[in-house]
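What the sequence shown shows, in this note's numbering, is residues 1062 to 1422, in sequence order.
For each residue, glycine too, the CB sits at the ideal point set by N, CA and C.
All figures in this text were calculated on a predicted structure; none of them were measured in a lab.
A short worksheet on the structure shown next.
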Amino acid sequence: MKLISLLILSICLHGCSSLSTLKESNTSVQFITGREYESKALELLNSAIQRINIVQYNFATNSGFLEKLIEIKKLHPNDTLFKIQVYLQKPGKGPTQKNAETMAKLEKAGIQYFEITGESDSIGNIGINHTKLLMVDGHKILAGSTNWTLTSLKKNNETNLFIDSSFLGTQLNEYLETLKNKSSFLISKKIREKNVSLLTDRSYLEALKIFLNSIQSGDELNCSMYLFNVGDTSAPKNLKQAEEIASLLANAQKKGAEINLLLENSNQAFGAHIVEANKRAEALLINKGINHIKWDNPSQISHMKFCVISHPNHEFDILLGSSNWNYLDLELNHQLNWLISKDQGTIALPLLQYFNSALKY
1062 MKLISLLILS
1072 ICLHGCSSLS
1082 TLKESNTSVQ
1092 FITGREYESK
1102 ALELLNSAIQ
1112 RINIVQYNFA
1122 TNSGFLEKLI
1132 EIKKLHPNDT
1142 LFKIQVYLQK
1152 PGKGPTQKNA
1162 ETMAKLEKAG
1172 IQYFEITGES
1182 DSIGNIGINH
1192 TKLLMVDGHK
1202 ILAGSTNWTL
1212 TSLKKNNETN
1222 LFIDSSFLGT
1232 QLNEYLETLK
1242 NKSSFLISKK
1252 IREKNVSLLT
1262 DRSYLEALKI
1272 FLNSIQSGDE
1282 LNCSMYLFNV
1292 GDTSAPKNLK
1302 QAEEIASLLA
1312 NAQKKGAEIN
1322 LLLENSNQAF
1332 GAHIVEANKR
1342 AEALLINKGI
1352 NHIKWDNPSQ
1362 ISHMKFCVIS
1372 HPNHEFDILL
1382 GSSNWNYLDL
1392 ELNHQLNWLI
1402 SKDQGTIALP
1412 LLQYFNSALK
1422 Y
């Protein structure tokens, strides 16, 4: 942790803002913090020429984005080529009241929306739409952990990426077309452009295993996870993904890597089960010899879901998005994550600086 902190400090003395964007050919990648998300999303919405696609788990009417969409719709009253499409978690699971109210207002404004659910299993679990995506004009993509609620936009620690890529946008459009018609089935895709990979739905779990298995002696792993559900009672008895992840972290430490983990510690009533699950994860990790485990400020929700591997040669691998480490997220829920390989610090260093700020409360 000290090595990364010193590296961040030495480079940020010359201006961290210069590190926040990576451009290769026609692809641009930028790290977007929780407080930066709202202004970036509004910038993208205001720039829309032909199409706006939104996928959200939780879309509150008071987030400010509903009014913005209605405003944009009024600017194109008879333009059949201009499309706004919103994909929301179907009421009945998750934020039922918030999404139902939003859907009613979208319908009144003439904005098309789709009710999305996840996959079902043999023991009665039904998945959800957990993706958080804004895409404008088929190539400007903003996705990560941020829901469209005031808490997520104004208070939480959140991590997102802005990616400008026509190729990845085309892949996401194909994903959305399938989601529209077959949301009760997961659509798992891993699509790579240069050093950036798009991971949808169940493809995250396999990528995570490969990611953690790639850690070598001298590496440093920094992760922040909102929910690490060891002892997950919703999972089939023979499926222990969170425990397997804990073992992969322990194996990485045995190889000679440093492992640092930040867990959510909310004191809000709705977060009690999350904290209990994270405490079980902490106990298991300590039993496996991992002791660098931190808890966030109880009054500050750390809704982030990411890991960064820092290599001795100052290259970084990053896994970031919407997936928690629990059975439903890994097996039944719609998700969108990103894998960035061999980053030279343009994304990882601002991300790690943000991570370090969450450790200091």
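DSSP three-state call for Ala1204: helix, strand or coil? strand
Between the alpha carbons of Asp1280 and Asn1339, how many angstroms are there, rounded? 24 Å
query = What is the DSSP secondary structure of Val1291, counted as helix, strand or coil?
reply = coil
(request) Using three-state DSSP, classify Met1365 as helix, strand or coil. (result) coil
Assuming Thr1220 contacts Leu1381 under a Cβ cut-off of 8 Å, what Cβ separation, rounded to an integer in Å, is found between them? 6 Å
Query raised in the report: By a C-beta neighbour count over all protein chains shown, 10 Å radius and 16 as the cutoff for buried, is Gly1185 buried or exposed?
Result: exposed
- Task: Answer yes if the region 1395 to 1404 comes into contact with the region 1366 to 1384, meaning at least three C-beta pairs across the two stretches below 8 Å, and no otherwise.
- Result: yes
Practice prompt. Kindly indicate which residue of Thr1210, Leu1229, Gln1232, Asn1358 has the alpha-carbon position closest to the one of Leu1127.
Written response: Thr1210
Checklist entry - Between the Cα of Glu1132 and the Cα atoms of Asn1119, Lys1169, Phe1223, which residue gives the shortest distance? => result Lys1169
ask   = Which runs of the beta strand (DSSP E) spanning at least 3 residues fall entirely within the region 1290 to 1324, listed in chain order?
value = 1319 to 1324
Asn1208 and Asn1119: beta carbons closer than 8 Å?
yes
- Message: Taking the alpha carbon of Asn1321 as the reference point, which residue from Gly1406, Pro1359, Phe1416, His1364 has its own alpha carbon closest?
- Response: Phe1416
For Val1257 and Tyr1098, what's the separation of their Cα atoms in angstroms? 20 Å
Can you confirm whether the region 1357 to 1371 touches the region 1143 to 1160 when touching is taken to mean that 3 or more C-beta pairs between the two stretches lie within less than 8 Å?
no
Evaluate the contact criterion for the region 1233 to 1241 versus the region 1149 to 1161: three or more CB pairs, one atom per stretch, below 8 Å.
no
field: Classification of Gln1329 by the beta-carbon crowding that lies within 10 angstroms, buried from 16 upward
entry: exposed
Q. Secondary structure at Lys1263, three-state DSSP: helix, strand or coil?
A. It is worth fixing the name first, because residue 1263 is Arg in this sequence and not Lys. Arg1263 falls in the coil class under three-state DSSP.
Item checked: Sequence-distant residues of the same chain with beta carbon closer than 7 Å to Glu1162, five excluded per side -> Thr1122
Notebook entry, point to check: Would you call the region 1296 to 1314 and the region 1386 to 1393 touching, i.e. three or more CB-CB distances under 8 Å?
Noted result: yes
From what residue to what residue does the beta strand (DSSP E) around Tyr1118 run?
Premise fails: Tyr1118 is in no beta strand (DSSP E) and is neither H nor E.
- Message: I need the straight-line Cα distance from Lys1355 to Asn1242, nearest angstrom please.
- Response: 42 Å
(message) What does the Cβ neighbour count give for Pro1138, buried or exposed, with the cut at 16 atoms within 10 Å?
(response) exposed
_I need the straight-line Cα distance from Ser1418 to Ile1248, nearest angstrom please._
35 Å
Once you ignore the five residues that flank Ile1110 on each side, which residues in its own chain have a CB closer than 6 Å to its CB? Asp1198
Go ahead and label Gln1405 buried or exposed: buried means 16 or more other beta carbons lie within 10 angstroms of its beta carbon, across all protein chains shown. exposed
Helix or strand or just coil, what does DSSP make of Gln1277? coil
Discussion item. Can you give me the C-alpha to C-alpha distance between Phe1228 and Lys1349, rounded to a whole angstrom?
Written reply: 42 Å
_Own chain, CB closer than 7 Å to Ser1078, minus 5 neighbours either side, in chain order_ = Confidence is the limiting factor: at Ser1078 the pLDDT is only 42, short of 50, which leaves the residue's position unreliable, though a coordinate-based value still follows. Cβ neighbours of Ser1078 beyond the five flanking positions: none.
Are Leu1259 and Leu1310 touching if we call contact CB-CB under 8 Å?
no
Q. Is DSSP giving Asp1390 helix, strand or coil here?
A. helix
* Does the distance from the CB of Leu1003 to the CB of Ile1252 come in under 8 Å? -> Outside the displayed range of the chain (1062 to 1422) lies residue 1003, so it cannot be described from this structure.
Find out if the Cβ-Cβ distance for the pair Glu1325, Tyr1287 is shorter than 8 Å.
yes
- Task: Could you check what DSSP says for Glu1085 in three-state terms: helix, strand or coil?
- Result: Because the pLDDT of Glu1085 is 46, which lies under 50, any placement of that residue in the model is unreliable, and the number read from its coordinates should be weighed accordingly. Glu1085: strand per DSSP, three-state reduction.
Practice item. Identify the continuous alpha helix (DSSP H) that holds Phe1126 and give its terminal residues. Key: 1126 to 1136
Could you give the DSSP three-state label for Thr1220: helix, strand or coil? strand
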